[in-house]
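Colleague:
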Ligand code: FUC
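Numbering (my numbering), first residue to last: 1034 to 1775.
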């Protein structure tokens, strides 16, 4: 990416050579990566429900039988034996959930043999959610605008030129192993080999439509339909084979729609219908509709910091990705948001819920995009359905459980056979806390009433799962994602009882349930104006009686359990203890810093309330960093948020700079490596956390302002817990000059 003074612009002076240089557009469901190639434009496509296979029941049938033995072995310190038994008795059967896949590519192949391109520019404008490519070729200035319209659920490509009759091209959909040829098709001798080796059909349909159909395979697997409709102005159109060939047009609009059997009984019919519906409106009106929809969200928050345009861009890019990747009716943001070019992406591009999915949603509330959490909340309803079965079958517990990953079907059985991550039961509990956070930020009692059942059932599971250990109740088996400890005899272990993170999540969740029940009142009647949401979609289990009101209160039980959860403790290095014993860590610079959940995103470690733990939290990060911590993008992003909570503006900033300059790809996507989107969202949340923090009745303005930001800055529209908005906050030389909270 080239430097630009405008923080809303990401621009390149050349087409993308690699996927990591392409620019993303999205409307929650449909995503595109625009390469901006002059002769064979490539827009790599995604649809959020293109996943492998159908739903599975992977609950290990031996789990409940072997659970007591596993627990006994752990209590006896026979960790290696316990772990071996976990791999057989607790792993999923089969071990893997479904994974996300690419939808394919749209190629626009232009006629001509001149390759002498000049004055090239490709940019993403965050203020309009538009990717624009401009260049000069054979004396003609060409312009391509690409948007993903949420109101139309369509991706739109608008082609223009400054000389009439200059557009000659055909559009080609593809789904295959080989992406594209960079040279003009009229110069190629072998075209499209392996472009399309993963499709079932590509056919011409009436109205200059090319329809691609495909399926992802597996029992009850997903069927896909994707169509492109070409609407030229001027020139001629001819359909040959399955191609629509446009010659000498003045202008053209290409509409791309996609659907799968995850949502539609007949995805092809729904795509064809939507293509025609979208085509009934002119480009200008479609564009204005897109702007109105997008800007209503994007423009809520404005940020300026003198001399820090790149940081402001990084902040707003995270908000852009949230609006582009998570809208009402879509699936939640996965490990790559919605943007993925692979058939078997790294870590399946699933929903990893031992940090990554949670981090994806950290900025949603504070940066005033609470509508964008709808997919997460809806998916939690799916997860709960499966999680009830997993809780009962595997552990004999009530409520619902989810382990460290889930998929499109909301699968809740353990994923992988990975000692350091698989046998952990807190994923559902952590995710459920998002409901409480959303209530704290929005004060929407209707939302809480509708979704509280999820929090309660997550709490019911953990309370059932706990076992006595002396004066305490502990989770067992469990682990501290994804670190390894060293026993006194030198043996290494992962599986344990009562990991510190579990205690912290349980504490946070049970306290939240007690507060939620107080807010909702025992009879389930909301005590505020109904916050009934207007933007809910069919996929939301609207009539889920379990989530309405409160059938029963768990407050009394939660109070009792809370008394028996071990407190957060400080260990021999002055650090927050990660396990219930003060073990040495096998990897002291580990990327996960699970034992600091209570600092961020939790709120149990606070400067005034827990000064000793506050100091130990700082030590913990220093220790991690001194051993090479923060090496994955998301880990660095977590550290930024934690330093912000610690009031360490300069340290937060130092890590933000490292993330942006060393752990970010050319198109500003976060680099794990490889690309993983959580670091983008974590960074956006971190920047907000440096500017304002709100807990209970207290609001802290500029709690972690680094030296580099002191000169002058202004932020508008951040949201606060308690339902208020920081309408404006302005500072000069580190002093607040204006602050309005409404
Ligand atoms: C966890 C992390 C990895 C990665 C993966 C998707 O396993 O430890 O770093 O983020 O999830």
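Every residue, glycine too, gets a C-beta built ideally from N, C-alpha and C. Predicted, not measured: the structure shown is a model, and the values here were computed from it.
Who are the Cβ neighbours of residue 1594 in its own chain at under 8 Å, not counting the five residues just before and after it?
Modeller: Position 561 of the chain shown, counted from the start, is the residue given in the question as residue 1594. Excluding sequence neighbours, residue 1594 sits near 1496, 1499, 1506, 1539 and 1543.
Colleague: What is the residue span of the beta strand (DSSP E) that residue 1315 lies within?
Modeller: To locate residue 1315, count along the chain shown from 1; it is residue 282. Unbroken run through residue 1315: none, as it is neither H nor E.
Colleague: If you drop the 5 nearest sequence neighbours on each side, which residues of the same chain put their C-beta closer than 8 Å to that of residue 1038?
Modeller: Against the chain shown, residue 1038 aligns to sequence position 5. Closer than 8 Å at the Cβ level, and outside the excluded window around residue 1038, lie 1342.
Colleague: In whole angstroms, what is the alpha-carbon distance linking residue 1729 and residue 1636?
Modeller: Position 696 of the chain shown holds residue 1729. Position 603 of the chain shown holds residue 1636. One C-alpha to the other measures close to 10 Å.
Colleague: Going by C-alpha to C-alpha distance, which of 1773, 1746 and 1764 sits closest to residue 1340?
Modeller: Stepping through the chain shown from its first residue, residue 1340 is reached at position 307. Answer by Cα proximity: 1746.
Colleague: Three Cβ pairs or more, each shorter than 8 Å: is that satisfied between the segment 1143-1155 and the segment 1210-1230?
Modeller: Yes, they touch.
Colleague: Kindly provide the ranges of any alpha helix (DSSP H) runs that are 4 or more residues long and lie completely inside the segment 1501-1525, ordered along the chain.
Modeller: None, since the segment 1501-1525 contains no complete alpha helix (DSSP H) of that length.
Colleague: Is residue 1389 near ligand 1, judged by its Cβ being under 8 Å from some heavy atom?
Modeller: Looking up residue 1389 in the chain shown gives position 356. The answer is yes for residue 1389.
Colleague: From residue 1720 to residue 1674, what distance separates their C-alpha atoms?
Modeller: Within the chain shown, numbered from 1, the residue matching residue 1720 stands at position 687. Within the chain shown, numbered from 1, the residue matching residue 1674 stands at position 641. Approximately 8 Å, taken between the alpha carbons.
Colleague: From residue 1727 to residue 1400, what does the alpha carbon distance come to, in whole angstroms?
Modeller: On the chain shown, position 694 is the one that residue 1727 refers to. On the chain shown, position 367 is the one that residue 1400 refers to. If I take the Cα positions, the gap works out to 13 Å.
Colleague: Would you kindly report the start and end of the unbroken beta strand (DSSP E) that includes residue 1262?
Modeller: Sequence index remark: in the chain shown, residue 1262 carries index 229 (1-based). Element bounds for residue 1262: 1256-1266.
Colleague: Alpha carbon to alpha carbon, what distance is there between residue 1724 and residue 1071?
Modeller: Here residue 1071 refers to the residue found at position 38 of the chain shown. Here residue 1724 refers to the residue found at position 691 of the chain shown. Near 42 Å, if we compare the C-alpha coordinates of residue 1724 and residue 1071.
Colleague: To the nearest angstrom, how far is the alpha carbon of residue 1759 from that of residue 1731?
Modeller: Residue numbering aside, residue 1759 sits at position 726 when the chain shown is read from its first letter. Residue numbering aside, residue 1731 sits at position 698 when the chain shown is read from its first letter. If I take the Cα positions, the gap works out to 13 Å.
Colleague: So, helix, strand or coil for residue 1177, using DSSP?
Modeller: Taking the first residue of the chain shown as position 1, residue 1177 is located at position 144. Three-state result, residue 1177: strand.
Colleague: Could you spell out where the beta strand (DSSP E) holding residue 1529 opens and where it closes?
Modeller: To locate residue 1529, count along the chain shown from 1; it is residue 496. Unbroken run through residue 1529: none, as it is neither H nor E.
Colleague: In terms of alpha-carbon separation, which member of 1457, 1491 and 1159 lies closest to residue 1516?
Modeller: Walking along the chain shown from the start, residue 1516 turns up at place 483. The shortest C-alpha separation from residue 1516 is found at 1457.
Colleague: Helix, strand or coil for residue 1405? Go by DSSP, reduced to three states.
Modeller: For the purposes of this step, residue 1405 is taken as residue 372 along the chain shown, with counting starting at 1. Here residue 1405 sits in helix by DSSP.
Colleague: Can you tell me the Cα-Cα spacing of residue 1385 and residue 1493, whole angstroms?
Modeller: Here residue 1385 is taken as the residue at index 352 of the chain shown, counted from 1. Here residue 1493 is taken as the residue at index 460 of the chain shown, counted from 1. Near 22 Å, if we compare the C-alpha coordinates of residue 1493 and residue 1385.
Colleague: So, at 8 Å on beta carbons, what are the nonlocal neighbours of residue 1770 in its own chain, with the 5 sequence-adjacent residues on each side left out?
Modeller: Mapped onto the chain shown, residue 1770 falls at position 737. Same-chain partners within the cutoff: 1763 and 1764.
Colleague: Can you name the start and end residues of the alpha helix (DSSP H) that residue 1742 belongs to?
Modeller: Residue 1742 sits at position 709 when you count from the first residue of the chain shown. It is not in any alpha helix (DSSP H) - residue 1742 carries neither H nor E in the DSSP assignment.
Colleague: Rounded to whole angstroms, what's the CA-CA distance from residue 1382 to residue 1368? Just pull it up for me.
Modeller: As a working note, residue 1382 is residue 349 in the chain shown. As a working note, residue 1368 is residue 335 in the chain shown. One C-alpha to the other measures close to 5 Å.
Colleague: For residue 1711, which residues in the same chain have their Cβ closer than 6 Å to its Cβ, ignoring the five residues on either side in sequence?
Modeller: In the chain shown, residue 1711 corresponds to position 678, counting from 1. Once the five neighbours on either side are set aside, the close Cβ partners of residue 1711 are 1389, 1392, 1393 and 1667.
Colleague: Apart from the five residues on each side of it in sequence, which residues of its chain come closer than 7 Å, Cβ to Cβ, to residue 1203?
Modeller: Locating residue 1203 in the chain shown gives position 170, where the first residue counts as 1. Excluding positions up to five away in sequence, the list reads 1142, 1276, 1277, 1278 and 1279.
Colleague: So is residue 1043 buried or exposed if we call it buried at 16+ other beta carbons inside 10 Å?
Modeller: Here residue 1043 is taken as the residue at index 10 of the chain shown, counted from 1. With 16 or more other Cβ atoms within 10 Å, it is buried.
Colleague: Give the secondary structure of residue 1764 by DSSP, where H, G and I count as helix, E and B as strand, and everything else as coil.
Modeller: Here residue 1764 refers to the residue found at position 731 of the chain shown. In this structure, residue 1764 counts as strand in the three-state DSSP scheme.
Colleague: If contacts are defined as beta-carbon pairs under 8 Å, then residue 1709 and residue 1669 qualify, I think. What distance do you get, rounded to the angstrom?
Modeller: Taking the first residue of the chain shown as position 1, residue 1709 is located at position 676. Taking the first residue of the chain shown as position 1, residue 1669 is located at position 636. With 8 Å as the limit, residue 1709 and residue 1669 do not qualify as a contact, their Cβ atoms being about 12 Å apart.
Colleague: Just to confirm, is the Cβ distance from residue 1064 to residue 1372 under 9 Å?
Modeller: Working through the chain shown from its first residue, we reach residue 1064 at position 31. Working through the chain shown from its first residue, we reach residue 1372 at position 339. Yes. Within cutoff.
Colleague: Is residue 1290 helix, strand or coil when you go by DSSP?
Modeller: Numbered from its first residue, the chain shown carries residue 1290 at position 257. If DSSP states are grouped into helix, strand and coil, residue 1290 belongs with the strands.
Colleague: Out of curiosity, what's the CA-to-CA distance linking residue 1178 and residue 1163?
Modeller: As a working mapping, residue 1178 is identified with position 145 in the chain shown. As a working mapping, residue 1163 is identified with position 130 in the chain shown. If you take the alpha carbons of residue 1178 and residue 1163, they lie about 7 Å apart.
Colleague: Given 8 Å as the limit, tell me if residue 1436 has its C-beta closer than that to any heavy atom belonging to ligand 1.
Modeller: For the purposes of this step, residue 1436 is taken as the residue at position 403 of the chain shown. Flag unset: Cβ of residue 1436 not near ligand 1.
Colleague: Count the other CB atoms, across all protein chains shown, that sit within 10 Å of the CB of residue 1273; report buried if there are 16 or more and exposed otherwise.
Modeller: Position 240 of the chain shown, counting from 1, holds the residue named residue 1273. Residue 1273 should be labelled exposed.
Colleague: Evaluate residue 1134 with the Cβ neighbour count: other Cβ atoms within 10 Å of its Cβ, from every protein chain shown; 16 or more gives buried, anything less gives exposed.
Modeller: Reading the chain shown from its first residue, position 101 is the one you call residue 1134. Its Cβ being crowded by 16 or more others within 10 Å, residue 1134 is buried.
Colleague: Look at the alpha carbon of residue 1653 and the alpha carbon of residue 1606, and state the distance between them as a whole number of angstroms.
Modeller: Taking the first residue of the chain shown as 1, we reach residue 1653 at position 620. Taking the first residue of the chain shown as 1, we reach residue 1606 at position 573. One C-alpha to the other measures close to 8 Å.
Colleague: State the CB to CB distance for the pair residue 1189 and residue 1286, rounded to an integer number of angstroms; the pair is presumed to be in contact (CB under 8 Å).
Modeller: As a working mapping, residue 1189 is identified with position 156 in the chain shown. As a working mapping, residue 1286 is identified with position 253 in the chain shown. Contact holds; Cβ gap of about 7 Å.
Colleague: Excluding sequence positions up to five away, which residues of its chain have a Cβ less than 7 Å from the Cβ of residue 1743?
Modeller: Against the chain shown, residue 1743 aligns to sequence position 710. So the list reads 1766 and 1767, once near-sequence residues are dropped.
Colleague: Where does the unbroken beta strand (DSSP E) through residue 1164 begin, and where does it stop?
Modeller: Counting from 1 along the chain shown, the entry for residue 1164 is found at position 131. 1163-1170 is the extent of the beta strand (DSSP E) around residue 1164.
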